[in-house]
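Below: the structure, in structure tokens.
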Amino acid sequence: MSRIPLLLLAFALAFAVFFMGPAFLGSEFGPYPLMKWGDAFDLLTPLVLIPLYWFVLSPHQGRPPRVSVTLAFMILAGLWVEGQGMHLAANSIGHQLEGQAGSAVYELTGFYDEVLSHYLWHAGVLGMAVVWVAGHWDNRTALASRDWMIVAVAGVIHGFLLFTILVEGQTAPMIVPFAALMSAFLLVWRRARLRHQPVLAFLLISFVVALVFTAGWGLYWGGLPEFSDVGII
């Protein structure tokens, strides 16, 4: 079995755990009660996901990524971590600002937490997808049918998570057009070769699934309210 399908599945599952997990760990962190367990858990997010991004990008045919691709990875990894770290800190501080609505510190923390960090972080997520496309553009990998099932499952999981972060993070104005354009790009330029390019196929499945869920959510609610606004989390 090729390692690519299992890497993609590991990435999709880790992405789900680390993006969604902190929201369900709201109790006080014992060693330092001003923090939540979710804050402590979120410290691990870039330490797990950035290496997984690299493992998927790294060579599968004996060739290292091109220098330009590696440089883009480094820059976008920095952007990804910058957004994630900003969100972690601002969200954690925001928990201590209840009752201070309208103050300058409340407004600034809210901006870092709900706007700037989301756009930086999610731009990093999208940028990493572009890096994967560039890194695997000419790669060809023969997979068995069961391997393709793993790729498809991983793509569906990741697509659903992209939908959740664009809704809860309110970054649909950035993610939806990107997903639509990238889906069209892959279908036009790589449709005939996708059966030999599992990473690109994974991304296409992810973007299409995210768009389908977003369309359904938007039609049901007449917009894209956050899950927390409709009582789901």
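Quick note, the sequence shown lines up with residues 4 to 236 if you use our numbering.
Virtual Cβ for every residue (Gly too), placed ideally from N, Cα, C.
Other residues of its chain near residue i: CB distance less than 6 Å, five sequence neighbours each side excluded
i: Leu28; result: Trp40, Gly41 and Phe44
i: Ala213; result: Gly162, Leu165, Phe166 and Ala182
i: Leu91; result: Asp45
i: Ile153; result: Pro8 and Leu12
Nonlocal neighbours in the same chain, by C-beta distance under 7 Å from residue i, ignoring five residues either side
i: Trp135; result: Val59, Leu60, Val202 and Leu206
i: Asn94; result: Asp116
i: Gly138; result: Leu60, Pro68 and Val72
Buried or exposed by the 16-neighbour rule on C-beta atoms within 10 Å, applied to residue i
i: Asp150; result: buried
i: Ile235; result: exposed
i: Leu111; result: exposed
i: Val233; result: exposed
i: Ser148; result: exposed
i: Ser231; result: exposed
i: Gly172; result: buried
i: Ser106; result: exposed
i: Met185; result: buried
i: Leu190; result: exposed
i: Trp224; result: exposed
i: Phe114; result: exposed
i: Trp220; result: buried
i: Ile53; result: buried
i: Gln99; result: exposed
Opening and closing residue of the alpha helix (DSSP H) in which residue i lies
i: His199; result: Careful: His199 lies outside any alpha helix (DSSP H) and carries neither H nor E.
i: Leu121; result: Leu is not the amino acid found at residue 121; the sequence shown has His there. Start and end: Ser120 to His139.
i: Val170; result: Ser148 to Glu171
i: Glu110; result: Ala107 to Phe114
i: His90; result: Val70 to Gly97
i: Met23; result: Arg6 to Met23
i: Thr48; result: Thr48 to Leu60
C-alpha distance - residue i paired with residue j, whole-angstrom precision
i: Pro176; j: Ala182; result: 11 Å
i: Ala187; j: Val179; result: 12 Å
i: Leu227; j: Arg66; result: 43 Å
i: Thr48; j: Phe22; result: 8 Å
i: Val72; j: Tyr56; result: 13 Å
i: Leu123; j: Arg6; result: 30 Å
i: Val70; j: Gly130; result: 16 Å
i: Leu37; j: Glu31; result: 7 Å
i: Leu82; j: Ala195; result: 33 Å
i: Phe14; j: Leu169; result: 18 Å
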